[in-house]
Amino acid sequence: METSDLLIKQGFVSVEQVEKAKEEMKRTGLSLEQSLEKLGFVTEEAIMNVRADAFGVPYMSLKDYIIDSELVKLIPENAVKKYKVVPLFKVGSSLTIAMVNPQDVVALDQVRKITKLDNIDTVLTTEKGIQRVLDSYYSLAGSVEDIIGSIDAKKMGEEEEKDLSEIVEEAPIVKLVNTVMTQAVKDRASDIHIEPEANMSRVRNRIDGIMHETHTFPKNLHRAVASRIKLLSGMDIAESRKPQDGRIRLKIEGKDLDMRVSTFPTVHGENVVIRLLDKTAVVLGMTELGLSKEELLTFDKLIRHPNGIILVTGPTGSGKTTTLYSALSTISTMEKNIITIEDPVEYELPLIRQTQVNPKAGITFANGLRAILRQDPDIIMVGEIRDKETAEIAIQASLTGHLVLSTLHTNDAPSALTRLIDMGVEPFLIASSVIGILAQRLVRVICDKCKEEYTPEPVILEGLGLDKKSKFCRGKGCPKCKDSGYMGRIGIFELLTVNEDVRRMVDEKASADQIRVKAMTMGMKALKEDGINKIKQCITTFEEVMRVTKVE
58 METSDLLIKQ GFVSVEQVEK AKEEMKRTGL SLEQSLEKLG FVTEEAIMNV RADAFGVPYM
118 SLKDYIIDSE LVKLIPENAV KKYKVVPLFK VGSSLTIAMV NPQDVVALDQ VRKITKLDNI
178 DTVLTTEKGI QRVLDSYYSL AGSVEDIIGS IDAKKMGEEE EKDLSEIVEE APIVKLVNTV
238 MTQAVKDRAS DIHIEPEANM SRVRNRIDGI MHETHTFPKN LHRAVASRIK LLSGMDIAES
298 RKPQDGRIRL KIEGKDLDMR VSTFPTVHGE NVVIRLLDKT AVVLGMTELG LSKEELLTFD
358 KLIRHPNGII LVTGPTGSGK TTTLYSALST ISTMEKNIIT IEDPVEYELP LIRQTQVNPK
418 AGITFANGLR AILRQDPDII MVGEIRDKET AEIAIQASLT GHLVLSTLHT NDAPSALTRL
478 IDMGVEPFLI ASSVIGILAQ RLVRVICDKC KEEYTPEPVI LEGLGLDKKS KFCRGKGCPK
538 CKDSGYMGRI GIFELLTVNE DVRRMVDEKA SADQIRVKAM TMGMKALKED GINKIKQCIT
598 TFEEVMRVTK VE
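Quick note on this note's numbering: the sequence shown kicks off at 58 and runs consecutively.
The structure is reproduced here in structure tokens:
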């Protein structure tokens, strides 16, 4: 019997809810169980307990489970990945393991052979649970150093002048580059920086918006490493005096990754930056972005308007594209024709036609937008409004019955209106087309494994307008968060709804500060205010909010 049937039979969900989940499943590509959970019809724990009953074994969540590091050595990483099984505890000659499928007899036989133990007990867990153990206990730590140790750097430096194209195909360099990339994926990095210096090269990964050094290697290896990456990304390995851009598509850790590679000449060699885009990542639902209930309701109403322009603003790396994708996924139906023009296409969305900017082929934001308007769209997403031409076409599209979603690089919501005026767009066109602006930043979330309460200095409480009873939290640092105290990120927002009063101010060319004062009287919460609310909820820290918002 299917899990959904068991859930219905035990009264956890109704037939109608399962049907709705099937629709969500078609729209998002999630499994039926994931769809039921996402829609809030049933918890993951209920699903797993029902499955556990069916298998006749206990269910165990591995979210907060700590495993003896010596026990981890019993089952190697490749077997954990292949058979989706992890060791939990050992009593005498009996080993208890957690499995995604406790009825997998092949996996059980292999575990017996690997561990040399016949008495194996099983419990049920989730794939996410297995992955948590992999991330926390199985690591590539030291493997980069091991590879570097196996390479004769001096000899490599002498040979690379002879035939670099042969060296970049040699096993040690291939393995070194692959390992650096795999480590970055394991660490949830968004970017890899490979930076040459006078006496060595440094690898830094951007994790949750912050750069972390992960490895260093001898300077003599840098050219071979950079050339290997250039070869993979289709660049000219013989050219090192000018910037180049390329692209790599790989499957790492079960993820289909689109890597955007950029090289830049420096005095010590080519600097290499790799942006990691996970094509198979599930787009966040609107409720997971971090919007408050009031902001979520307002934003949801805005994105369901039949026409108008909605702008999402913030600096690079503030999560604007994720917000737009979440909005599109929310309003995407079989009845709507949604087309995007992006640079680049970061995630692939079902039911939505996505196009990438390609200046060499004559596809700019402006030209692409013109072409999209001939494709009978209902909703259009423009990756970014960079100039007057794109802005005016977007405005005309909104005035002729289309809903347009786009981004701008401004520090706050009111500044988006004055930025469009600065581009040369007529104020009356802005006032008649823009219906809402969402400004945002990303703050790191306190690690739930090592979260602790504390009392901050009185001066901090005073600066935030909070009393001594206010609860503050921080992360102590643990293996899960790599001692950073943070795990993942969430948005802080300010949402400006453009009403008649704001339109009048735009027509009169009011300043961003004047519009801000008016918006605050209408109930708009500033970015910093939303950040303070998330501090009070023990989601993030004072330091994080101060890092991403201007001090007032």
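All C-beta atoms in this analysis are idealised placements derived from N, C-alpha and C, irrespective of residue type, glycine included.
Cβ atoms of Ala283 and Thr239 stay farther apart than 8 Å, at about 18 Å.
In the structure shown, Asp570 adopts helical secondary structure according to DSSP, grouped into three states. Secondary structure at Lys299: coil, using DSSP grouped into helix, strand and coil. DSSP, reduced to helix, strand and coil, places Asn394 outside both helices and strands of the structure shown, so it counts as coil. Taken in chain order, the complete alpha helix (DSSP H) segments of 4 or more residues contained in the segment 464-548 are 470-479, 484-490, 515-521.
Ile517 and Phe599 have their C-alpha atoms spaced approximately 8 Å apart. Between the alpha carbons of Asp315 and Leu523 lies a distance of about 45 Å. Nearest Cα to Ile264 within the set Ile132, Phe274, Thr273, Val242: Val242. Taken atom to atom, the span from the alpha-carbon of Asp400 to that of Gly425 is near 11 Å. DSSP places Ser349 in the coil class of the three-state scheme, outside both helix and strand. In this structure, Tyr195 sits away from Asp161, with a CB-CB distance that is not shorter than 8 Å. Check the Cα spacing between Asp192 and each of Arg546, Arg604, Cys538, Asn590: the tightest is with Cys538. Taking the C-beta atoms as reference points, Asp435 is found nearer than 8 Å to Asn394. Rounded to whole angstroms, Thr475 and Phe529 show a C-alpha spacing of 37 Å. Taking a C-beta distance under 8 Å as the contact criterion, Ile503 and Gly542 qualify as a contact pair.
Shown here, Ala255 sits in coil according to DSSP, grouped into three states, outside any helix or strand.
Within the same chain, Cβ atoms closer than 8 Å to the Cβ of Thr100 are found at Glu94, the five residues on either side in sequence being excluded. Counted as a single uninterrupted DSSP element, the alpha helix (DSSP H) harbouring Asn424 occupies residues 422-430.
The three-state reading of DSSP puts Gln411 in strand, counting E and B together.
Per DSSP, the beta bridge partners of Val330 are His250, Ser319.
Taking the Cα positions, Gln91 is about 15 Å away from Asn106.
Under the three-state reduction of DSSP output, Ile124 falls in the coil class, being neither helix nor strand.
In this structure, Leu584 places its C-beta atom within 8 Å of the C-beta atom of Glu551. In the three-state reduction of the DSSP assignment, His325 falls in the coil class.
Under the 10 Å beta carbon count, Asn262 is surrounded by 16 or more other beta carbons and is classified as buried. As the crow flies, the alpha-carbon of Ser386 is around 21 Å from that of Gly371.
Here Lys582 is buried, its C-beta having at least 16 other C-beta atoms within 10 Å. The continuous beta strand (DSSP E) containing Ala155 extends over residues 151-156. C-alpha of Met544 to C-alpha of Glu601: approximately 13 Å in a straight line. CA-CA distance, Ile65 to His459, rounds to 41 Å. In this structure the segment 474-494 touches the segment 552-559; the number of beta carbon pairs closer than 8 Å is three or more. Pro253 places its beta carbon less than 8 Å from that of Thr323. Each residue's CA atom was taken as its position, placing Glu184 and Ala155 some 10 Å apart.
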